[in-house]
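A quick write-up on the structure given underneath.
Number of protein chains: 2
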Amino acid sequence: MTAPPRSAAAAAAARVVDIGELRQSCAACALHALCLPASIDGHDLARLDHLVKRRQPLDRGATLFREGSAHPSLFVVRSGSLKTSVTLPEGDNQILGFHLSGEILGFDGLAGERHQCTAEALERASVCEVPFEQLSRVAAQVPGLQHQLFRVMSREFVREQQHPVMMGRKQALSRLAIFLRNLSERRAATGHDPLELQLSMSRQDMANYLGLVIETISRLFSRLHAQGLVRVERKTVRILDPAALHALAEGGEDENRALA
Amino acid sequence: MTAPPRSAAAAAAARVVDIGELRQSCAACALHALCLPASIDGHDLARLDHLVKRRQPLDRGATLFREGSAHPSLFVVRSGSLKTSVTLPEGDNQILGFHLSGEILGFDGLAGERHQCTAEALERASVCEVPFEQLSRVAAQVPGLQHQLFRVMSREFVREQQHPVMMGRKQALSRLAIFLRNLSERRAATGHDPLELQLSMSRQDMANYLGLVIETISRLFSRLHAQGLVRVERKTVRILDPAALHALAEGGEDENRALA
DNA sequence: CGGCCCATTGAGGTCTCTCAAGGCGTGTGG
DNA sequence: CCACACGCCTTGAGAGACCTCAATGGGCCG
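Line order of the protein sequences matches chains C and W. Letter 108 of the first sequence, counting from 1, is numbered 415 in this note's numbering, and no numbers are missing. Letter 73 of the second sequence, counting from 1, is numbered 380 in this note's numbering, and no numbers are missing.
Here's what the structure looks like:
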């Protein structure tokens, strides 16, 4: 599919397509299995479907919600990717995670009336929104949904725990290897080629997430490229030697000098 | 209170005291406000109280649950403190957090049938246990409890996010300052003197948690002591200059050389 | 085509890690 | 009650890894 010319007719057609997408119900959604409990029946599904809002696609750099945003919601990423971050008192910010297609974000807002971090699109992205207040009410009446919510929250909880595990590694090369391996696994989980990574975030974002500086990221990529472990082409990274990358990811405590 | 002599009678007396503690109901528990929704009524409270198990106190080094433990539960720390950690493929482990009196742990097990990390007592500690499977069933029938569970989970979610924020700081001194400030705030939240910290974990645990080595921790404490910011006495740390500590915690990105 | 931003690469400095030795507190056994 | 051993913590010297500063290269968009 090639990019259409910028005409009013084409724009209108694109909008129609978007609306078509937006009208897609939960029952027909490709992410069905990720969102919904397997045991939910047609009647309950309709109730859930009713409170899901499909938002207009977000452009690159657009914010989905900010620290302090009221009426928090859960969001399911239907396409594209986002990053979440918190702003530190000094002004700079720490990136907490990247959220790919099929993943859920927004759990930070459930503790109170407001979101605790900021979510921004890394590329054009579309999401489903489920206002938490309404979701909570429905979950109270649909035990299967409540249970699924606990499961999904806990899964995110465990996923978040991998961040400090990575940051705790003393060697920068191990952190990057873990990061790439993690993305590879998430590609596989959504049915894509796990060896072909699309890094939608900037080098700066990666550096921030890994607790390094941008130059170090760049040098490490060059090193991995020179050793034939990956093929780096701007935002596209092809993993050529998964086993070696895996070894780098593990050997981060003290014996990685032998591997380098 | 001095340590009693090791006699059979004293041991029996201690056990009686323990049982007395164990029989305390949720309604009378000092942690009431942390566990329970404010709106819960007497009848529902009784149902919840019924499924809470009070465990025998854990000795220092005892494990509350391990990675892979079946039938996951939530635990409320009633006294003492614990640490949670995951074991890495190479054999060493990463500490994910410390859990003080009044705090809740065990959310890692809700995603599946088993816990995903290991919890170990840092000192003699007592906890309340709530098997998640039963809690989930009751929560489905008590909307106030369900809502409170979401809130507590989300609060832990946000609390966990502070770990990578701290690890992301390039300077070791900032990480330690943030760690101490965090402990201070948690002391204040539970009604204790926020300037008097009892570090129940070893220097090795602190180093692991902060992504540093033990010698660095020791040197940083000496530096803070020499500058008059804290008074370090083995496991006891008294904060003498909270403002300066706060400044160190913030100025970690690049301008902290000016402060040191 | 030109400007701009992002990414890459190089040289030098410094913070933290590594390796090593010594001090202190605790618990155990005589 | 004291002596000893053990573990934990502290302190020092040296090396290595990453950060800082600086300049160049390459896409992307106007």
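We treat Cβ as the ideally placed atom computed from N, Cα and C, and that holds for glycine. Since we're looking at a predicted model, the values are computed, not measured.
Proximal residues of chain W, C-beta to C-beta of residue i below 7 Å
i	result
His454 (chain C)	Ser443
Nearest-angstrom Cα separation, counted from residue j out to residue i
i	j	result
Leu480 (chain W)	Asp356 (chain W)	44 Å
Pro364 (chain W)	Ala432 (chain W)	6 Å
Ser461 (chain W)	Arg367 (chain W)	29 Å
Leu519 (chain W)	Gln468 (chain W)	19 Å
Ser388 (chain C)	Pro501 (chain C)	16 Å
Asp274 (chain W)	Arg466 (chain C)	Outside the shown range of chain W (308 to 567) lies residue 274 (chain W), about which nothing can therefore be said.
Thr370 (chain C)	Ala496 (chain C)	26 Å
Glu436 (chain W)	Glu410 (chain W)	12 Å
Lys360 (chain W)	Glu430 (chain W)	20 Å
Thr523 (chain C)	Ala550 (chain C)	23 Å
Gly498 (chain C)	Leu552 (chain C)	21 Å
Thr530 (chain C)	Leu442 (chain C)	Strictly speaking, residue 530 (chain C) in this sequence is Arg, with Thr absent from that position. Answer to the nearest angstrom: the Cα atoms are 48 Å apart.
Leu504 (chain W)	Ala446 (chain W)	36 Å
Helix, strand or coil at residue i [DSSP, three-state]
i	result
Glu374 (chain C)	coil
Thr425 (chain W)	strand
Gln401 (chain W)	strand
Ala574 (chain C)	No statement about residue 574 (chain C) is possible, as the shown extent of chain C runs from 308 to 567 and does not include it.
Ser392 (chain W)	strand
Ala551 (chain C)	helix
Leu329 (chain C)	Note on Leu329 (chain C): pLDDT 43, under 50, position unreliable in the model; the coordinate value appears next. If DSSP states are grouped into helix, strand and coil, Leu329 (chain C) belongs with the helices.
Arg538 (chain C)	strand
Pro501 (chain C)	coil
Val459 (chain C)	helix
Leu381 (chain C)	strand
Pro471 (chain C)	helix
Leu358 (chain C)	coil
Ala446 (chain C)	helix
Ala353 (chain C)	helix
Glu557 (chain W)	helix
Arg488 (chain C)	helix
Glu440 (chain W)	helix
Ala514 (chain C)	helix
Ala418 (chain W)	coil
Pro431 (chain C)	The question names Pro, but residue 431 (chain C) is Arg in the sequence shown. Coil at Arg431 (chain C), not helix or strand.
Ser525 (chain W)	helix
Pro365 (chain C)	The residue you asked about is not Pro; residue 365 (chain C) is Leu in the sequence shown. Residue state, collapsed to three classes: strand.
Leu452 (chain C)	helix
Leu412 (chain C)	strand
Val465 (chain W)	helix
Of the listed residues the options, nearest to residue i (C-alpha basis)
i	options	result
Arg444 (chain C)	W:Val437, W:Gln453, W:Val537, W:Lys542	W:Gln453
Val434 (chain C)	C:Ala556, C:Arg385, C:Gly558	C:Arg385
Val539 (chain C)	C:Glu374, C:Leu407, C:Arg510	C:Arg510
Phe571 (chain W)	W:Gly558, W:Arg493, W:Val459, W:Ser525	As shown, chain W starts at 308 and ends at 567. That puts residue 571 (chain W) outside it, with no answer to give.
His350 (chain C)	C:Ala496, C:Asp399, C:Val449, C:Pro549	C:Val449
His470 (chain W)	W:Leu403, W:Leu429, W:Ser408	W:Leu403
Val284 (chain W)	W:Leu504, W:Lys390, W:Ser408, W:Gly558	Since the displayed chain W opens at 308 and closes at 567, residue 284 (chain W) lies outside it and no answer follows.
Ala428 (chain C)	C:Ala551, C:Lys390, C:Arg354	C:Lys390
Arg362 (chain C)	C:Cys424, C:Glu374, C:Leu381, C:Arg530	C:Leu381
Asn558 (chain W)	W:Ala446, W:Leu442, W:Arg476	The displayed chain sequence assigns Gly, not Asn, to residue 558 (chain W). Cα-wise, what sits closest to Gly558 (chain W) is W:Arg476.
Val472 (chain W)	C:Glu397, C:Ala353, C:Leu352, C:Ala554	C:Glu397
Leu412 (chain W)	W:Leu358, W:Val459, W:Gly375, W:Gln441	W:Val459
7 Å Cβ shell around residue i - same chain, five flanking residues per side excluded
i	result
Ala556 (chain C)	Ser481, Ala484, Ile485, Arg488
Leu417 (chain W)	Pro379, Phe439
Leu527 (chain W)	Ala479, Leu480, Leu483
Leu547 (chain W)	Gly535, Leu536, Val537, Arg538
Met508 (chain W)	Lys390, Phe405, Leu429
Within chain C, partners of residue i - CB distance below 7 Å
i	result
Pro471 (chain W)	Gln401, Leu403, His470, Pro471, Met474
Phe457 (chain W)	Leu417, Ser443
Pro450 (chain W)	Ala447
8 Å CB neighbourhood of residue i in its chain, flanking five on each side removed
i	result
Leu506 (chain C)	Leu490, Met513, Lys542, Thr543, Val544
Gln401 (chain W)	Ser392, Val393, Leu395, Asn515
Glu420 (chain W)	Ala377, His378, Pro379
Met474 (chain C)	Arg482, Leu517, Gly518
Val424 (chain W)	The residue asked about is misnamed: residue 424 (chain W) is Cys in this sequence, not Val. For Cys424 (chain W), where only same-chain residues beyond five positions count, the Cβ hits under 8 Å are Glu374, Thr391, Ser392, Val393, Leu403, Asp415.
Partners in chain W for residue i, counting only beta-carbon separations shorter than 9 Å
i	result
Gln511 (chain C)	Within chain W, no residue comes near Gln511 (chain C); the closest Cβ sits about 13 Å away, beyond 9 Å.
Gly518 (chain C)	Pro471, Met474, Gly475, Arg476, Lys477, Gly518
Contact set for residue i: own chain, Cβ-Cβ below 6 Å, skip 5 residues either direction
i	result
Ile521 (chain C)	Arg510, Gln511, Ala514
Glu463 (chain C)	Phe414
Phe372 (chain W)	His422, Ala426
Proximal residues of chain C, C-beta to C-beta of residue i below 9 Å
i	result
Phe464 (chain W)	Phe414, Asp415, Leu417, Ala418, Gln423, Met460, Glu463, Phe464, Glu467
Cross-chain neighbours of residue i in chain W, by beta carbon under 8 Å
i	result
Val393 (chain C)	Gln468, Val472
Contact set between residue i and chain C, taken where Cβ atoms lie within less than 8 Å
i	result
Pro396 (chain W)	Glu557
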